[in-house]
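Everything below concerns the one structure shown next.
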Amino acid sequence: MVDDLVPAAAAGGRAASAPLLGRDTEPTLFELSEPGRSAWQLRTTGVPDLALEELVPEAHRRDSPVALAEVSERDLVGHFTRLSHRQFSVDLGAYPLGSCTMKYNPKICDAVAVLPGLADVHPAAPANCIQGWLELLVELEVALCEITGMAAATLQPAAGAAGELTGLLLMRAWFAAKGDVRRKVIIPDSAHGTNPASVTLGGFEVVTVPSDGRGCVDVEALYSVLDEDVAGIMLTNPNTLGLFEEDIRSIADAVHEVGGLLYYDGANLNAILGVVRPGDMGFDIVHLNLHKTFATPHGGGGPGAGPVAVSDRLAPFLPGPRPTRLGDASSPRFGWTTPERSIGRLHSWHGNALVLARALTYVLVHGNDGLRDVARLAVLNANWLRKRLSSSFDAPYDRPCMHECVLSASSLKRATGVKALDVAKRLLEEGFHSPTVYFPLIVDEALMIEPTETESLQTLEALAGALERIVAEAATPEGALAATEAPHLTPVRRVDEARAARHLVPTFDARPS
Amino acid sequence: MSGYTPHTDADVSSMLEFLGLSSLDELFSVVPEALRLAGGLDIPAGLPEPDVFAHMEDLASANRPCGRDLVCFAGAGAYDHEVPPVTRALASRSEFVTSYTPYQPEVAQGVLQAVFEFQTLVSRLSGLAVSNASLYDGAASLVEAVNLAVGATGRQDVWVSHGVNPSWRDVLATFAAGTGHRIHDIPLTAGSTDWAAMSFDDSDEPGAIVVAYPNYLGCLEDLGDARARCDRTGALLIVAFDPICAGILRSPGDWGADVVVGEGQALGMPLSFGGPYLGLFACTMDHVRRLPGRLVGETVDAEGRRAYVTTLRAREQDIRREKATSNVCTNQTLMAVTAAIQLGWLGTSGIAEVALRSARGTRYCRDALLKVPGVESLTTAPVLREFSLRLPLESEMAVERLADEGFLAGVALDPSYTQGHGDGLLVAVTERRTRAEIDAFVSAFEKAVR
C-alpha cells in the first residue's frame, strides 16, 4: 500500500497499480435488461418462414418465452468488460497459489487454438477430414509419454480428477482381467482431496498413511498396510508439501511386491520436467494437468485436460477410441482404434481437444531444453522464497523444497492473532494473489507458495517484501487489526461465506425480494 | 532459457549464491542420482514461436473444417450455431482466461458474478431452481446426475432410454464399473422410447429414469409418460435437454424433471473437434446438497455490499474427501462464462429465434431429403433441429461421398438404431444453413445415394 517502500523495478508481477473506478456494485445482466432491447443478428437464409405452430405440437411448446436478458451489444460488452476488471489473473500479476502452477500462459497458444483448421472441425467428421487433428493428438501423446517415461496415453480425461478416476478404473480392469479382486487404495495424509474422492468413485476403499517428521510418506506405516488386498497407491511426487519423496524407489518395489500398482498424481509435475520421470521412479499410471504444467491456461476453473499415461502392461486397457498412426503406407495415415480390453469411453468426444492443441504448442516452443529450464527455475524460485521467508514464518519442514514451499503462520497467529487467512487477504491489496492457505491439512495455518518459473527475481523480492511487511505490521495492534480486516482496496471486502451457505441464493431469481 | 522465463544469468547466479548452491543441478540433490534422467528428454530443442505456429498451421491445414468448403449438416451433440464476434472477443479476455478457480472471492468477483449469471440462465432454460457452475461435458453431467439419483434414492438400478446420446451412455457404462450402478437400456420404437419395454420387479426398482428431449434421433419424447413412471416407482426423472431447443420447448422442469443435464456447446462454443465443451447440470432445490461441482451464491461483504462466493463447499472433495458428492475440481468455467455471454447476446428473443429458424431449416431439409428415392425416415415423432434417415447404402459411404462434394452430411448412426444395419444417418440443420446450401445439399445427396 505504501508505494515508496517498493522499488520501481518490482512492478513485473505486482498488480497494485491496477486502476479501478469507484467501488460500486456491477448490476447483473438481469438488472441491465430493458424490455425490447436486443443484440442478436442472424444470417439471412431464405428458408420458408413457417410459424412455430406448424413446426412444434402444442404439447411440446413453452407457454411463454424464456426470460434471459434484453440488452444491447454495447451493454453486453460494457458489462462483461467491467466484470473482467473485477478479476485477478496471471496476466495482471503474480499468482503464487500453491499446487495450482499459475504460470504465465504464452499467447501463441491462444493464436493456435483459434485456427479455423482446428477450431471449426466437427468431432464426428470422417477420418479423411481430420488427419491433421489425429496427427496432432498422436504427436502430443508421444511427447507426454516421453516426458513421463510411460508407454501409451489417453487424452480423453477433461481434467485432473477425471484422470485420477480413469487411472483407478484402469487399476480395477487390470485386476479384474487377472481374476483378482482388490479393495484398497493407499493415499498419504498430505494428498489432494480429489484423490480420496476418486478412490471412492473407482469402487475402492481409502487407506490413509501418515507423513513422517520429514514430510514424506512414513515408509514403515506404509509397509504395515501393504497386503494382497491393496490395488495400489496414489502419490504426488514432489508431494503437496513441495518435498521430493526420496524413498520412492523402495516404495515402488514394496507396492509391486504385493502385486499393487503405483499411480502418479501429476499436479506437481512442473517441478521435475526433464529432470526425473514418473516412469523411471516406478509408477505404472500417471495423469498430467495440462492446464497447470503446460499452461493451457486455467480459465477461471477450467477447461483443463488430464491425460493419463500408462506403462506397457496397462496399455491394452486404455479408453477408446484412440487416435492412431496407421502407417505411412496406409490411406488415410491416421485413424481411430480401440484397445482390446478398453475400459471404455470417458468423454462425449475426444477430450478437450483445443486444450490439447495448446499443450502441444507449449511443448514445441519449450523443447527438451526449455522444459528442463521450467523445472529448474520453478524450483530455484521456490527455494529462494522459502529461504527468504523462513525468518518471517515457521518452516515446518525446513529443508530444500521443489517447486513450492509450505510455510506456517502458526507462531504469528499465537503472537499477534493474525492467521494465515489474514496474511492471504492482506497480500491481495499489496498487488499479489494469495498463496493457497490451510492446505495441506497436516500443516497448521499453512501457507503454500508456488511462485512458478515465470516470475522474475524482482517480483519475488516484491512479494517477499510484502509478506515481511505484513508480518512486521502485525506486531502492533493497529497493524494486526488492519490484517484481520483486510482487504480494504478490492472491489468487495471480506465476503460473508457463512451467510451464503445459510441463506442460499444460487440464482438471481432466488434473491429475497 | 525460453522466452517465457525472465531470469538473467546474473539473477540465477545471485539466487544460487543466496541459497549457498553452485549450480541449478544442485537444486535436485534430493532426487536419487539413479533416477535422474541422463541425457535429457528425447524431444527436439525448443523452436521459435513462428516456426511452431507454422507447424500447427500445417496440422490445421490437413483438416477439413466446417465452413464454405464443408457445409455442416452434422450434429449428434456438436452443432454449428452462430458464434458472433462479440462472444469471441469477450470470452477471450485474459482476465477470464488466465485466472484460477475463484478461491479468493475479493479478487474474483468477475468470474463469480459471470458464473452466478450463468447459473441463473441455465436455471431459467431448464426450469429447475439450481444450476451448478458447469461440468466437463454432457456425458459427465449424465454420470453425475445418475450418481446424485442413486445417492438420493439408495437404489443402484438406473433405466436409460436408448434415445440418450450413445457416447454419453458409453461414458455412463465406463464409470458404472467403479460405482457398481446397474444401467438398463430402454429400447426405442420408431425413434421414441418404448416405455412398455421397461420391466423390473422389487429387486431392481429404478433409482432414476433417464430420457433425452429432444432425443438422439431428434424426436420430441413424451416426458409426461416418463414422469408418471417415476411417480409410480419413486425414481428420479433425469432429462437430457438441449439448451437451444429449450428456447421454444416446454422446459424439462415444467415436465417434472428432478435433474436436467445437457451439452452446452451450442451456447457460443465453436465445434472445437469435440472440446472444450460445457456440461450443464440443474436440479430441484430438494437435491442441492447433493449437487456435484461448484456452486456460486450471492452474499454480502463486510460493508454490506452485494458479493458472490462459491458456496455449500462442504459437498466438495477438498473438504469432504472420500465422502464428497463428486471428485470434480477443475470444471469448464471459461465455457460457462462464454455461455453467459452468448445467452446475453441472444437474449429472450434471440434464443427463441435460433430454435425457430433451426426448426424451419430442419423441416425444409427433411421434407426434401425424404423425397429422394430410397431414403426413408427412421422415426415418426415430431423433430426439431435434427432428424434421422435410413439410406439405400451404408451411411459412412454416403458421408464420405458427400464430403467430396463439400458437405458434412451428418453422423452415421450406430447400428443399434437400425436393427444392426449401417444405413442410418443423423442430420442436423441449424439457423446458419441457408436455403441455397440446403438445396445444393439435397441435389448432391440425390447423386450420392444413387
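Those protein sequence lines, which keep their order, are chains A and B. The opening residue of the first sequence carries number 1 in the numbering used here; numbering runs sequentially from there. The opening residue of the second sequence carries number 514 in the numbering used here; numbering runs sequentially from there. Where is the CB? At the ideal position from N, CA and C, for every residue including glycine. Remember, predicted model here, so these are calculated numbers, not experimental data.
TODO: For my contact list, B:VAL628 and B:VAL850 are in at a C-beta cut-off of 8 Å; report their separation, rounded to the angstrom.
DONE: 7 Å
- [ ] Compare the C-beta of A:ALA151 against all C-beta atoms of chain B and say whether one is closer than 7 Å.
- [x] A:ALA151 has a beta carbon lying at 7 Å or more from every beta carbon in chain B.
Task: Runs of alpha helix (DSSP H) lying entirely within the segment 469–512 of chain A, each at least 4 residues, in chain order - done: 477–485, 497–502
Open item on the list: Tell me the rounded alpha-carbon separation between B:ARG659 and B:VAL752.
Closed with: Sequence inspection shows Val at residue 659 of chain B; the Arg mentioned does not correspond to that position. Those two C-alpha atoms are separated by around 11 Å.
TODO: Can you tell me which of A:ALA315, A:GLU450, A:ALA474, A:LEU354 puts its alpha carbon nearest to the alpha carbon of A:ASP120?
DONE: Of the listed residues, the one whose Cα sits closest to A:ASP120 is A:LEU354.
TODO: Could you say if the segment 571–585 of chain B and the segment 103–123 of chain A meet the contact criterion of at least three C-beta pairs nearer than 8 Å?
DONE: yes
Open item on the list: At the 7 Å Cβ level, is B:PRO789 part of the contact set with chain A, yes or no?
Closed with: yes
Open item on the list: For a cutoff of 7 Å on Cβ pairs, would you count A:ASN237 as touching chain B?
Closed with: Taking Cβ atoms only, chain B never reaches closer than 7 Å to A:ASN237, which makes this a no.
- [ ] Can you have a look at A:MET234 and say buried or exposed, based on whether 16 or more other CB atoms are within 10 angstroms of its CB?
- [x] buried
Open item on the list: Closer than 9 Å between beta carbons: that is the criterion. Which residues of the segment 602–615 of chain B meet it against chain A?
Closed with: ALA602, LEU603, ALA604, SER605, ARG606, SER607, GLU608, PHE609, VAL610, THR611, SER612, TYR613, THR614, PRO615
Open item on the list: Contact defined as beta carbons within less than 8 Å: I believe A:ASP444 pairs with A:SER410. What is the distance between those atoms, to the nearest angstrom?
Closed with: 5 Å
Open item on the list: Here's the rule I'm using: 16 or more other beta-carbon atoms within 10 Å means buried, otherwise exposed. How should B:THR893 be labelled?
Closed with: exposed
Task: Proximity winner among A:HIS350, A:ARG502, A:LEU489, A:ASP394, relative to B:GLU619 (alpha-carbon distances) - done: When each option's Cα is compared against that of B:GLU619, the closest is A:LEU489.
TODO: Starting from the beta carbon of B:TYR517, find every residue of chain A whose beta carbon is closer than 7 Å, and list them in chain order.
DONE: TYR104, PRO106, THR454
Task: Where B:TRP708 falls: helix, strand or coil (DSSP) - done: helix
Task: chain B contact for A:ALA94 (CB, 7 Å cutoff) - done: no
- [ ] Pick helix, strand or coil for B:MET798, following the three-state DSSP scheme.
- [x] helix
Open item on the list: I need the boundaries of the beta strand (DSSP E) containing B:VAL773, first residue and last residue.
Closed with: 772–776
Open item on the list: Beta carbons nearer than 8 Å to chain B: which residues of the segment 414–430 of chain A have them?
Closed with: ALA424, LYS425, LEU428
Task: Contacts around B:PRO886, its chain only, beta-carbon distance under 6 Å, and the 5 residues preceding and following it disregarded - done: No residues qualify anywhere along the chain.
TODO: Determine the contact status of B:GLN830 and A:PRO491, defining contact as a CB-CB distance below 7 Å.
DONE: no
Task: A:ALA415 beta carbon less than 7 Å from that of A:LEU356 - done: No, Cβ-Cβ distance for A:LEU356 and A:ALA415 is not below 7 Å.
Task: Own chain, CB closer than 7 Å to A:VAL379, minus 5 neighbours either side, in chain order - done: ALA271, MET402, HIS403
TODO: Count the other C-beta atoms from every protein chain shown that fall within 10 angstroms of the C-beta of A:SER84, then say buried if there are 16 or more, exposed otherwise.
DONE: buried
TODO: Mind reading off the beta-carbon distance from A:LEU169 to A:ILE343? Whole number of angstroms is fine, and I expect it under 8 Å.
DONE: 5 Å
Task: Element boundaries [alpha helix (DSSP H), containing B:MET569] - done: B:MET569 -> alpha helix (DSSP H) spans 562–574.
TODO: With a floor of 4 residues, list each alpha helix (DSSP H) that falls wholly inside the segment 206–283 of chain A, ordered by position along the chain.
DONE: Qualifying alpha helix (DSSP H) stretches, in chain order: 219–225, 248–257, 278–281.
Open item on the list: Assess contact between the segment 785–797 of chain B and the segment 456–466 of chain A, defined as three or more Cβ pairs (one per stretch) separated by less than 8 Å. Is contact present?
Closed with: No, the segment 785–797 of chain B is not in contact with the segment 456–466 of chain A.
Open item on the list: Run through chain E and tell me which residues come within less than 7 Å of A:THR148, C-beta to C-beta.
Closed with: Absent here is chain E; the protein component of the structure consists of chains A and B.
TODO: Scan the segment 278–300 of chain A for residues whose Cβ lies nearer than 7 Å to a Cβ of chain B and list them as they occur along the chain.
DONE: ASP280, MET281, HIS291, PRO297, HIS298, GLY299, GLY300
Open item on the list: Looking at chain A, is there any beta carbon in it that lies within less than 7 Å of the beta carbon of B:THR812?
Closed with: So yes, B:THR812 belongs to the interface.
- [ ] Please list, in chain order, all residues of the same chain as B:ASP698 whose beta carbon is under 6 Å from its beta carbon, the five residues on each side excluded.
- [x] HIS675
- [ ] Specify, as a first and last residue, the run of the beta strand (DSSP E) that B:ARG876 falls within.
- [x] Not the beta strand (DSSP E): B:ARG876 falls in the alpha helix (DSSP H), residues 846–882.
- [ ] Answer with yes or no whether the minimum CB distance from A:GLY78 to chain B is below 7 Å.
- [x] no
Task: Neighbourhood of A:PHE508 by C-beta distance below 7 Å, restricted to the same chain and skipping five residues each side - done: THR28, PHE30
TODO: Closer than 9 Å by beta-carbon distance: list the chain B residues that pair up with A:GLU545, in chain order.
DONE: In the structure as shown, chain A starts at 1 and stops at 513, and residue 545 of chain A therefore has no counterpart that could be examined.
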